[in-house]
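Asks: Residue numbers (my numbering), protein chains in the order written: chain B, 1 to 170; chain X, 1 to 168. Note that beta-carbon positions come from the ideal geometry of N, C-alpha and C, so glycine has one too. Computed from a predicted model, the values in this text were never measured in an experiment. Got a structure for you, questions after.
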């Protein structure tokens, strides 16, 4: 990977990596650190990346591993939401006049995502948000295809139920 | 086909890229089952909502840190800096050398020293002066001695003193 290719890759993927880390970690500071470290790792490993190859999968895998490391470090304490964008968890009974804007739907959805196991959350984000192919996700998360699909279906169901329970039509 | 089995097909249809082309079996079930239709609509909307989640751009300070740690820190950049300093040192050296050369060229030369012939002549003159002086001193001394002897010493002693070789 040349210097120009590295610069282009950073500009193309920086927000993707950042948002993926935010989705998994739910902590803006941690997500920023992970994105930064991930892109610096890309530079350090640039010799191993063939020129002209797209490095989206490489970056997301790296971001995922960094996120898992952070979650393991956090595992001794409960997961704390510091995301300013997340909805207020006490506000669980919206009236029909509420939750009509897309921002409110997004807030509920983010809360529902947070309730998922981090592996399920990763699968949903990689498939539904980042649009990765199943093969890429299976390789990235080291899962069998059957397990991956079953997990995704189950995660979708949980999200759907969470939104329906909150009287939000997704 | 039960609703449970059918919903698996709906998931798979979504996995394959959308609900556009559902199998005939699924389509016919959906036509008669409101719950499964709702399920399909929910799943489709969920997918759209997930894709529409707000994207937060990476903060500028993080991007700056990335550039600082990567391309701005690369060896080429430091070589460029080193090249600049080498150039500056060379320019300083040339400036000092030029100033020294100009100083030497435009400063008036000191008067030339005496030539070898002049030195030899001066040396000869000095020798002549010193010889003359020495001879004059010797003559004065002899005359003074003779005068003292003439006034103070007897002629016999004076003769012996005047001719020391004759002393016994």
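For residue 32 of chain B, go through chain X and note every residue whose CB falls closer than 9 angstroms to its CB, in chain order.
Replies: Per Cβ cutoff of 9 angstroms: 58, 59, 61 and 62.
Asks: Could you give the distance in angstroms between the alpha-carbon of residue 90 of chain X and the alpha-carbon of residue 62 of chain X?
Replies: Each residue's Cα considered, the two are about 39 angstroms apart.
Asks: Using DSSP with H/G/I as helix, E/B as strand and the rest coil, what is residue 161 of chain B?
Replies: Of the three classes helix, strand and coil, the one that applies to residue 161 of chain B here is helix, per DSSP.
Asks: Are residue 34 of chain B and residue 67 of chain B touching if we call contact CB-CB under 8 angstroms?
Replies: Yes, these two residues count as a Cβ contact at 8 angstroms.
Asks: Could you compute how far the alpha carbon of residue 133 of chain B sits from the alpha carbon of residue 9 of chain B?
Replies: Approximately 20 angstroms, taken between the alpha carbons.
Asks: Rounded to the nearest angstrom, how far is the Cβ of residue 36 of chain X from that of residue 43 of chain X, given a contact under 8 angstroms?
Replies: 10 angstroms between Cβ atoms; not a contact.
Asks: Can you pull the chain X residues whose beta carbon is under 7 angstroms from the beta carbon of residue 160 of chain B, in chain order?
Replies: What residue 160 of chain B touches in chain X: 42, 43 and 46.
Asks: Find the residues of chain B that neighbour residue 55 of chain X, judging by a C-beta separation of less than 8 angstroms, and give them in chain order.
Replies: Going along chain B in sequence order, the residues near residue 55 of chain X (Cβ under 8 angstroms) are 15 and 19.
Asks: Closest by CA to residue 55 of chain X, which one among B:139, B:129, B:164 and B:156?
Replies: Looking at the Cα atoms, B:129 is the closest of the given residues.
Asks: Would you please state the rounded distance, in angstroms, between the beta carbons of residue 53 of chain X and residue 106 of chain B? I believe it to be under 8 angstroms.
Replies: 5 angstroms between Cβ atoms; contact.
Asks: Distance, Cα to Cα, residue 34 of chain X vs residue 127 of chain B?
Replies: Near 28 angstroms, if we compare the C-alpha coordinates of residue 127 of chain B and residue 34 of chain X.
Asks: Output the distance between the C-alpha atoms of residue 5 of chain B and residue 68 of chain X, rounded to the nearest integer angstrom.
Replies: Looking at the two C-alpha atoms, the distance is approximately 17 angstroms.
Asks: Counting only beta-carbon separations shorter than 8 angstroms, does residue 29 of chain X have a partner in chain A?
Replies: No chain A is part of this structure, whose protein chains are labelled B and X.
Asks: With 16 as the cutoff for other CB atoms within 10 Å, does residue 62 of chain B come out buried or exposed?
Replies: Burial call: buried.
Asks: Run through chain B and tell me which residues come within less than 9 angstroms of residue 13 of chain X, C-beta to C-beta.
Replies: The premise fails here: residue 13 of chain X is roughly 12 angstroms from chain B at the closest Cβ pair, so nothing lies under 9 angstroms.
Asks: Answer with yes or no whether the minimum CB distance from residue 36 of chain B to chain X is below 8 angstroms.
Replies: True, the Cβ-Cβ gap to chain X drops below 8 angstroms.
Asks: Answer with buried or exposed for residue 125 of chain X, where buried requires no fewer than 16 other C-beta atoms within 10 angstroms of its C-beta.
Replies: It counts as exposed.
Asks: Name the chain X residues whose beta carbon is nearer than 8 angstroms to that of residue 153 of chain B?
Replies: Correct list: 8 and 11.
Asks: Do we get a CB-CB distance below 8 angstroms when we pair residue 72 of chain X with the residues of chain B?
Replies: Closer than 8 angstroms: no.
Asks: Helix, strand or coil for residue 128 of chain X per DSSP?
Replies: Correct three-state label for residue 128 of chain X: helix.
Asks: Using a Cβ cut-off of 8 angstroms (strictly closer), state whether residue 51 of chain X contacts chain B.
Replies: Yes, residue 51 of chain X counts as interfacial toward chain B.
Asks: By DSSP, does residue 57 of chain B sit in helix, in strand, or in coil?
Replies: Three-state result, residue 57 of chain B: helix.
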